[in-house]
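Structure first, then comments.
Number of protein chains: 2
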Amino acid sequence: MGARRKTARLSAGEMEIMQVLWRLSGATLSEAHGALGRPLGYTTVQTRLNRLVEKGVVRRGSDRPARYVATVEPDEVGARHLDLLLERVSGGSVVPLVAHLVRDRELTREEIAELKQLIRDAEKKRRAGEK
Amino acid sequence: MGARRKTARLSAGEMEIMQVLWRLSGATLSEAHGALGRPLGYTTVQTRLNRLVEKGVVRRGSDRPARYVATVEPDEVGARHLDLLLERVSGGSVVPLVAHLVRDRELTREEIAELKQLIRDAEKKRRAGEK
DNA sequence: CGGACTATACGACAATCGTCATAAATTGCA
DNA sequence: TGCAATTTATGACGATTGTCGTATAGTCCG
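One line per chain: the protein sequences are A and F, in this order. Under the working numbering, the residue at position 15 of the first sequence is numbered 15, and the numbers go up by one with no gaps. Under the working numbering, the residue at position 81 of the second sequence is numbered 212, and the numbers go up by one with no gaps.
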């Protein structure tokens with residue numbers, strides 16, 4: 001089985017880099033640096049990338065301008081944070097969080113349709129797995 | 132519009148304390164210490180509480196055994212983290228996050244009903260605020 | 001070849017975090 | 001009143017984070 005589970009804790013700044021890596025499906029240092037929305041020192045990005053590699057969530061290729069690729073999925077990391085948030089903030093209850101997500105936010109017709117579908121699926125699954 | 136001071140960034144450990152404060156609606160140092168699930172040094176909790184006060188998210192009463200009370204709501208803090216997560220992980224799209232929240236999780240009939248209502252409300256508001 | 005760039009390696013540093021120990025001040029009682 | 005228990009005040013210290021500067025190694029072109 002995989003030895004590598006238990007994703008390390010990532011700081012806000014590190015998440016910022018991960019986001020770029022996920023979006024671009026990997027990137028060189030300069031690409032990542034350029035893709036950041038805000039101005040950040042080149043070596044700052046370099047340092048973050050190095051730390052991410054040390055933590056094992058990013059792999060550094062051997063190509064010329066080294067290519068950095070995330071070894072974990074957004075969902076994987078996001079899930080961790082989300083679940084933690086769930087525990088910490090609402091004591092594990094999803095409704096308050098979802099409420100916040102959909103309230104005070106503009107949603108498109110498509111999003112609403114997708115959300116409805118999600119709820120329907122959950123409902124269906126619930127009925128099926130009734131204990 | 133009140134002093135909408137932007138809530139400071141809270142670390143994981145600090146959130147742990149906030150959670151206790153929210154749950155107990157405020158607490159003294161010893162109460163907070165005792166209410167923590169895991170063993171943590173008494174003064175460690177004291178330090179965290181102090182830092183929370185410095186950050187302005189907790190107020191320290193003048194009673195004898197000083198009473199610490201959160202000055203921000205769980206929603207307020209959670210919202211910040213949630214919005215950040217939203218940006219970082221799914222690029223601002225709520226559906227993936229909600230999907231994770233409802234999928235692979237047991238939901239009660241009540242929760243599903245509440246979720247449905249939330250979506251309905253969002254839909255209604257959307258139609259009304261169409262511009 | 002010999003610069004001009006580009007890419008990497010290193011190291012520095014202050015701020016924040018996580019954890020406490022110890023000392024001083026207060027309070028509650030016997 | 002005097003002391004033990006409880007509260008508070010400080011100070012410490014290593015790990016992590018956020019940000020860079022500088023120095024060295026590689027590459028590419030004229």
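We put the CB at the ideal spot given by N, CA and C, even for glycine.
Taking the CB atoms as reference points, tell me whether residue i and residue j lie closer together than 8 Å.
i        : j        : result
A:Ile112 : F:Ile243 : no
F:Leu155 : A:Leu101 : no
A:Leu10  : A:Val95  : no
A:Ala27  : A:Leu21  : yes
F:Leu238 : A:Ala122 : yes
How about residue i: is its Cβ closer than 7 Å to a heavy atom in the ligand GTP?
i        : result
A:Leu101 : With respect to the ligand GTP, the structure offers nothing, as it holds no ligand at all.
Three or more C-beta pairs below 8 Å linking the segment 38–53 of chain A and the segment 15–23 of chain A: Touching, per the Cβ criterion.
Validate contact between the segment 68–81 of chain A and the segment 52–59 of chain A using beta carbons, cut 8 Å, 3 pairs: Judged by Cβ distances under 8 Å, the segment 68–81 of chain A makes contact with the segment 52–59 of chain A, as three or more pairs qualify.
Members of the segment 223–246 of chain F near chain A, C-beta cut-off 8 Å: Taking 8 Å as the Cβ-Cβ cut-off against chain A, the residues of the segment 223–246 of chain F that qualify are Ser224, Val225, Val226, Pro227, Leu228, Val229, Ala230, His231, Leu232, Val233, Arg234, Arg236, Glu237, Leu238, Arg240, Glu242, Ile243, Glu245, Leu246.
Residues from the segment 45–69 of chain A in contact with chain F, defined by Cβ distance under 8 Å: Per Cβ criterion, the list is empty.
Selection of the segment 150–169 of chain F by Cβ proximity to chain A, strictly under 9 Å: So the close ones are Gln150, Trp153, Arg154.
Continuous alpha helix (DSSP H) assignments of at least 4 residues falling wholly in the segment 157–230 of chain F: Given a length threshold of 4 residues, each whole run of the alpha helix (DSSP H) inside the segment 157–230 of chain F is given here in chain order: 160–166, 173–185, 205–221.
The segment 72–83 of chain A: positions lying closer than 9 Å to chain F by Cβ: For the segment 72–83 of chain A, the beta-carbon criterion of a distance under 9 Å to any beta-carbon of chain F is satisfied by Pro74, Asp75, Val77, Gly78, Ala79, His81, Leu82, Asp83.
Near-chain A residues of the segment 248–261 of chain F (beta-carbon distance less than 7 Å), N- to C-terminal order: Cβ contacts with chain A come from Leu249, Ile250, Ala253, Glu254, Arg257.
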